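Residue numbers (full-length UniProt numbering): 1 to 312.
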């Protein structure tokens with residue numbers, strides 16, 4: 001069966017090459033005819049599991065459509081060739097072809113298709129090249145943003161933000177998260193804005209930028225429903241503990257279900273957060289002079305009261 005399909009494919013290629021020949025009576029190559037024959041050859045090769053040959057046939061078909069200025073056809077075929085390369089485990093080459101197809105899609109007014117293809121390419125490359133995946137997700141987000149499709153743009157930026165955290169490119173992650181949050185605010189998805197605020201705080205604290213973390217929380221007070229919410233109280237408690245170098249308080253918040261069940265990359269930021277200068281214990285309040293109202297005994301009692309009071 002496979003041999004029969006391979007022979008069939010080669011017959012179609014021979015016909016395609018004949019379509020492209022010129023003579024005294026045929027001055028112009030028949031690009032449409034050649035494209036049709038290469039298409040049939042590609043399908044036959046694919047059915048015979050000859051993926052390299054199928055890829056080449058798809059690209060030949062695409063080239064002939066290009067000669068007729070049929071760029072959308074080229075884009076679709078370049079993407080198909082890319083998927084052939086994916087099946088051959090040649091992912092980096094596949095992504096290059098898909099990117100090339102996406103340029104064609106954008107130029108011909110089918111940006112939505114380009115965005116989806118870039119997203120697919122990002123998923124393909126993510127297991128082997130996080131840096132490239134970030135680039136593809138950001139490009140896809142930009143395509144959707146230009147189309148005013150902010151929900152899709154924000155979702156793709158979210159993928160990029162998480163990978164930037166995993167790569168420890170925290171400055172860029174902070175910028176990406178802010179852009180995400182602005183988009184969710186614009187489409188009035190406020191609960192997601194709350195979660196982005198938590199992610200921002202964790203990123204900024206890992207950058208040792210308490211001021212930026214505090215600013216994110218203060219700015220979020222303007223979001224409907226944020227003030228007094230579980231997200232808000234947790235972040236206020238976390239910032240207070242971090243500022244006062246209270247490791248126990250920071251530990252409690254960072255290991256609470258609210259943070260532990262976030263996306264894995266942010267959950268890891270939570271459980272690895274350390275207060276500056278912390279030594280693994282709660283910071284003691286400075287003791288007042290001996291015999292005063294706030295002497296050693298009183299200080300110890302105050303510490304106990306702090307524990308009894310929990311997080312509030």
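Beta carbons are placed, not taken as given, at the ideal position from N, Cα and C, and that holds for glycine. As the structure is a computational prediction, the values presented were derived from the model and not from experiment.
Residue i, enclosing alpha helix (DSSP H) - first and last residue
{"i": "residue 341", "result": "Within the shown structure, residues of the chain are numbered from 1 to 312, placing residue 341 beyond reach of any answer."}
{"i": "residue 115", "result": "111–125"}
{"i": "residue 135", "result": "130–146"}
{"i": "residue 198", "result": "190–206"}
{"i": "residue 245", "result": "It is not in any alpha helix (DSSP H) - residue 245 carries neither H nor E in the DSSP assignment."}
{"i": "residue 259", "result": "257–260"}
{"i": "residue 264", "result": "264–271"}
{"i": "residue 39", "result": "31–47"}
{"i": "residue 210", "result": "210–220"}
{"i": "residue 227", "result": "Taken as a continuous stretch (DSSP letters only), residue 227 belongs to no alpha helix (DSSP H), as it is neither H nor E."}
{"i": "residue 168", "result": "That residue, residue 168, is in no alpha helix (DSSP H); it is neither H nor E in DSSP."}
{"i": "residue 50", "result": "Segment: none, residue 50 is in no alpha helix (DSSP H) and carries neither H nor E."}
{"i": "residue 98", "result": "91–107"}
Same chain only: Cβ atoms within 7 Å of residue i, ignoring 5 sequence neighbours per side
{"i": "residue 176", "result": "157, 160, 161 and 164"}
{"i": "residue 170", "result": "203, 206 and 207"}
{"i": "residue 225", "result": "190"}
Nearest-angstrom Cα separation, counted from residue j out to residue i
{"i": "residue 132", "j": "residue 116", "result": "16 Å"}
{"i": "residue 148", "j": "residue 102", "result": "18 Å"}
{"i": "residue 46", "j": "residue 64", "result": "20 Å"}
{"i": "residue 202", "j": "residue 31", "result": "58 Å"}
{"i": "residue 14", "j": "residue 121", "result": "33 Å"}
{"i": "residue 218", "j": "residue 94", "result": "45 Å"}
{"i": "residue 271", "j": "residue 43", "result": "52 Å"}
{"i": "residue 38", "j": "residue 49", "result": "16 Å"}
{"i": "residue 248", "j": "residue 166", "result": "26 Å"}
{"i": "residue 246", "j": "residue 253", "result": "11 Å"}
{"i": "residue 24", "j": "residue 114", "result": "43 Å"}
{"i": "residue 111", "j": "residue 62", "result": "19 Å"}
{"i": "residue 97", "j": "residue 150", "result": "26 Å"}
{"i": "residue 100", "j": "residue 60", "result": "15 Å"}
{"i": "residue 29", "j": "residue 172", "result": "51 Å"}
{"i": "residue 229", "j": "residue 236", "result": "11 Å"}
{"i": "residue 184", "j": "residue 212", "result": "20 Å"}
{"i": "residue 259", "j": "residue 109", "result": "42 Å"}
{"i": "residue 125", "j": "residue 54", "result": "22 Å"}
{"i": "residue 262", "j": "residue 129", "result": "24 Å"}
{"i": "residue 187", "j": "residue 123", "result": "26 Å"}
{"i": "residue 143", "j": "residue 244", "result": "44 Å"}
{"i": "residue 91", "j": "residue 216", "result": "39 Å"}
{"i": "residue 174", "j": "residue 182", "result": "12 Å"}
{"i": "residue 5", "j": "residue 107", "result": "36 Å"}
{"i": "residue 250", "j": "residue 180", "result": "26 Å"}
{"i": "residue 275", "j": "residue 155", "result": "31 Å"}
{"i": "residue 273", "j": "residue 36", "result": "60 Å"}
{"i": "residue 168", "j": "residue 7", "result": "52 Å"}
{"i": "residue 214", "j": "residue 277", "result": "19 Å"}
Heavy atom of the ligand GDP within 7 Å of residue i beta-carbon
{"i": "residue 153", "result": "Among the ligands in the structure shown, none appear at all, so the ligand GDP cannot be discussed."}
Contacts around residue i, its chain only, beta-carbon distance under 6 Å, and the 5 residues preceding and following it disregarded
{"i": "residue 118", "result": "102, 136, 139 and 140"}
{"i": "residue 145", "result": "153"}
{"i": "residue 41", "result": "9, 12, 13 and 57"}
{"i": "residue 199", "result": "177 and 266"}
{"i": "residue 2", "result": "48"}
{"i": "residue 34", "result": "16, 19, 20 and 64"}
{"i": "residue 223", "result": "190 and 193"}
{"i": "residue 227", "result": "221"}
{"i": "residue 127", "result": "none"}
{"i": "residue 238", "result": "253"}
{"i": "residue 232", "result": "226"}
8 Å CB neighbourhood of residue i in its chain, flanking five on each side removed
{"i": "residue 309", "result": "Low confidence applies here, because residue 309 scores a pLDDT of 37, under 50, leaving its location unreliable; read the following figure in that light. Hits under 8 Å: none found."}
{"i": "residue 256", "result": "234"}
{"i": "residue 26", "result": "none"}
{"i": "residue 210", "result": "204, 239, 242 and 243"}
{"i": "residue 22", "result": "28 and 29"}
Requested in this report: Please determine if the segment 194–201 and the segment 257–271 are in contact, where contact requires at least 3 C-beta pairs separated by less than 8 Å.
Outcome: Yes, the segment 194–201 is in contact with the segment 257–271.
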